[in-house]
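Remarks on the structure that follows.
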Amino acid sequence: MTDLTSLGVKDIRDGVAKGDFTAREVAESFNAAVAEAAALNAFIVTTPDHALAAADKVDAARAAGEQLGTMAGVPIGMKDLFATHGVQTTAASHILEGFTPRYESTVSQKLWDAGAGMLGKLNLDQFAMGSSNETSYFGNVTSPWKKAGSNAAMSPGGSSGGSSAAVAARIAPAATGTDTGGSIRQPAAFTGICGIKPTYGRCSRWGIVAFASSLDQAGPMARSVEDCAIMLGAMAGFDPKDATSLQMDVPDWEAALNSDLRGKKVGIPREYRMEGTDQAILDSWEQGKAWLKDAGAEIVDVSLPHTKYALPAYYIVAPAEASSNLARYDGVRYGLRDLPDGVGLQDMYAATRAAGFGDEVKRRILIGTYVLSAGFYDAYYTQAQKVRALVARDFERAFEQCDVILAPTTPTASFPLGSMNEDPLTMYLNDVFAVPASLAGLPAMSVPATINADGLPLGLQLVGRPFDEQGVLNAGLAIQQRAGFTAKPEKWW
Amino acid sequence: MSVDKATVAKIASLARIRMDDEALERMVPELNGILQWVEQLGEVDVTGIEPMAAVIPNTLRLREDVVDADPLTGGGKQADVLANAPAAEHGFFGVPKVIE
Chain A
5 MTDLTSLGVK DIRDGVAKGD FTAREVAESF NAAVAEAAAL NAFIVTTPDH
55 ALAAADKVDA ARAAGEQLGT MAGVPIGMKD LFATHGVQTT AASHILEGFT
105 PRYESTVSQK LWDAGAGMLG KLNLDQFAMG SSNETSYFGN VTSPWKKAGS
155 NAAMSPGGSS GGSSAAVAAR IAPAATGTDT GGSIRQPAAF TGICGIKPTY
205 GRCSRWGIVA FASSLDQAGP MARSVEDCAI MLGAMAGFDP KDATSLQMDV
255 PDWEAALNSD LRGKKVGIPR EYRMEGTDQA ILDSWEQGKA WLKDAGAEIV
305 DVSLPHTKYA LPAYYIVAPA EASSNLARYD GVRYGLRDLP DGVGLQDMYA
355 ATRAAGFGDE VKRRILIGTY VLSAGFYDAY YTQAQKVRAL VARDFERAFE
405 QCDVILAPTT PTASFPLGSM NEDPLTMYLN DVFAVPASLA GLPAMSVPAT
455 INADGLPLGL QLVGRPFDEQ GVLNAGLAIQ QRAGFTAKPE KWW
Chain B
171 MSVDKATVAK IASLARIRMD DEALERMVPE LNGILQWVEQ LGEVDVTGIE
221 PMAAVIPNTL RLREDVVDAD PLTGGGKQAD VLANAPAAEH GFFGVPKVIE
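Going down the list, the protein sequences come from chains A and B.
Under the numbering used here, the first residue of the first sequence carries the number 5, and numbering increases by one thereafter.
Under the numbering used here, the first residue of the second sequence carries the number 171, and numbering increases by one thereafter.
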């Protein structure tokens, strides 16, 4: 029998439906793989019983001849930013350690309703703030990949680094991620997997620990474009509990997948040729153009003139929203309380937040507080929101000339853990290609393209018009079929 | 614009994060590095541009005016709401004395 952990979402779902194997056998295989992979530190808690219970339900439903859900029998990893009923939810922060929600996030509930089960809660950068998975209170996540000839622990990317590491290591067929400024796409690129951030509002934010509310979007991470299409279909949908949820039908992305791009125009943004980008990344971009051309698309040059300003605008807008969102962690209603002897309420807040937040979280709260403070608001925050409008307008104009945009996902491949910690700015720059689509709320995806000279994966990014996840998935599929990316990390854990 | 230690101390106090001298000293150059880098936004001509409030045009909805329109967020959840409180007492959140 095939090793069940080598299968993805579609193969598991179809195999369970056909009776090739049971959902319980799948859950047991992945539970065992998770238990063996502690060295990756991908999970903060594991929930093997949740996975088994969901599997048994699917097996019973099949035996009873009932209609099975679109994710029936697929055990997944859940980023620990989604509130899960009765299972600790921490955002990888000390301040939420032990927090056990009495409710379920909309997205996770939809996945359980579709027949998925949970292998555990995945590690991440603390409050999703980071690009390397080195800011978690529960320790770094280590990528399953190694640089050729080196034993150094590599970064799985961030913030959804537990998700990317688990899917790349085949200890989960798929995982949820969230993307605020690249947190699905960058880790997907670093680990040779696929990940899509849908249009802002497609997935409900209800029950997801908030970082920057105007940017946060959930999405799937998996090893193929088809798997992403299936899982996104299960996650998306209108939710009255999220004021920014899109009230529109969820298309059947899986059924409409089509890699024939004849009649489509692919835009190449000239401003994405930036200094400091690896030659191998530029080469893979050229290769990507050739693949999409081969799929029938016409390649056109487009201009996104405000690209270089997107990242600094993001580092005002996101911390500003974070400083407001994270004000709720006060040691009163849930989470950590640090109450030194004899102090009052204000000192309790300050002591709790000092003890509970990590350095990167504090840094962003301080930046956010500063740019929103009296006298600086207009110079920083209003200016950044205007630049954001210009970044969005650039895309609008570009999409008058093309249907989808092709760009690299990251300027470099993965780097060793600990190698980028000197200056917070160098880490921020890793998201330079990912952030513009986030600021504009557009659907964007990373698909694996190739392996560089060091044996590390490189990803290509596709950005689409608002609501056109299909166009993004289709172009991604065309690349997937031509890239023939089959490389996988050698097991060392 | 750049910040000095006193300014960082003021921001930290506004953000309700206790920071000792050493932490403040460490934060000053880090924040200045970030602030100097975002300064480049000043170069952008934003004449006539409205600051963006929502990325995807959307209108706010009113929910049905009924009790417990959504059972998950409706009333009668006192035990659930207090379940994770560090010091719940008598059905309330316990806090240190506020008024002397």
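The beta carbon of each residue, even a glycine, is placed where N, CA and C say it ideally should be.
Every value quoted in this text rests on a predicted model; they were computed, and no experiment measured them.
Item	Value
Option nearest Ile234 of chain A by Cα separation, candidates A:Leu250, A:Pro202 and A:Met252	A:Pro202
Interface flag, Leu242 of chain B vs chain A, CB-CB below 7 Å	yes
Exposed unless 16 or more other CB atoms sit within 10 angstroms - verdict on Asn127 of chain A	buried
Nearest-angstrom Cβ-Cβ length linking Ile10 of chain A and Arg174 of chain A, presumed shorter than 8 Å	Before going on, a small fix: residue 10 of chain A reads as Ser here, not Ile. With a Cβ gap of about 6 Å, Ser10 of chain A and Arg174 of chain A count as contacting.
Residues in the stretch 92-122 of chain A having any Cβ partner in chain B nearer than 7 Å	Phe103, Thr104, Arg106 and Tyr107
Span separating the alpha-carbon of Leu72 of chain A from that of Gly121 of chain A	14 Å
DSSP beta-bridge partners of Val408 of chain A	A:Val270 and A:Gly468
Alpha-carbon to alpha-carbon, Lys297 of chain A and Asn262 of chain A	15 Å
Beta carbon of Ala178 of chain A nearer than 7 Å to that of Asp231 of chain A	yes
Chain B contact for Val365 of chain A (CB, 7 Å cutoff)	no
Bridge-paired residues (DSSP) for Glu259 of chain B	B:Phe262
Residue environment, Asn137 of chain A, which counts as buried when at least 16 other CB atoms sit within 10 Å	buried
Below-7 Å beta-carbon distance, Gly241 of chain A vs any chain B residue	no
Contacts around Thr184 of chain A, its chain only, beta-carbon distance under 7 Å, and the 5 residues preceding and following it disregarded	Ala132, Phe215, Ala216, Leu219, Asp220, Ala322 and Ser442
Spatially closest choice to Pro224 of chain A from A:Ala156, A:Gly459, A:Gly12 and A:Asn35, by CA coordinates	A:Gly12
C-beta contact flag for Gly445 of chain A and Ile226 of chain B at 7 Å	yes
Distance CB(Ser288 of chain A)-CB(Leu410 of chain A) smaller than 7 Å	no
Sequence ranges, alpha helix (DSSP H) only - wholly within the stretch 152-221 of chain A, length at least 4	165-172 and 189-195
8 Å contact criterion, which Ser163 of chain A and Gly360 of chain A should meet: CB distance rounded	Between Gly360 of chain A and Ser163 of chain A the Cβ distance is about 18 Å, and since that is not below 8 Å, they are no contact.
Selection of the stretch 243-258 of chain A by Cβ proximity to chain B, strictly under 9 Å	Pro244, Lys245, Ala247, Thr248, Ser249, Leu250 and Gln251
Cβ-Cβ distance between Gly165 of chain A and Pro148 of chain A below 7 Å	no
Alpha helix (DSSP H) runs wholly inside the stretch 18-96 of chain A, at least 4 long, in chain order	27-40 and 52-67
Range of the contiguous alpha helix (DSSP H) that encloses Asp191 of chain B	Asp191 to Val208
7 Å Cβ cutoff, Leu232 of chain B in contact with chain A	no
Pro241 of chain B classed as buried or exposed, judged by whether at least 16 other C-beta atoms fall within 10 angstroms	exposed
Pair within 7 Å by beta-carbon distance, Thr373 of chain A and Ile181 of chain B	yes
Min CB distance Val237 of chain B to chain A below 7 Å	no
Chain-ordered neighbours of Ile369 of chain A on chain B, where CB pairs are closer than 8 Å	Ala185 and Ile187
Ala152 of chain A and Asp458 of chain A closer than 7 Å at C-beta	yes
Where the stretch 387-413 of chain A meets chain E: residues whose CB sits under 9 Å from a CB there	The chain inventory of the structure shown lacks chain E, comprising the protein chains A and B.
Cβ neighbour criterion (16 or more within 10 Å) applied to Lys125 of chain A	buried
Short-range partners of chain B found in the stretch 342-353 of chain A, where Cβ spacing is below 8 Å	Leu343, Val347, Gly348, Leu349, Gln350, Asp351, Met352 and Tyr353
Complete alpha helix (DSSP H) runs within the stretch 439-483 of chain A (minimum length 4 residues, chain order)	439-443
Short CB-CB distance (under 7 Å) between Arg357 of chain A and chain B	yes
Under the three-state DSSP convention, the category Ile303 of chain A falls into	strand
Strand pairing of Pro420 of chain A, partner residues [DSSP]	A:Met158
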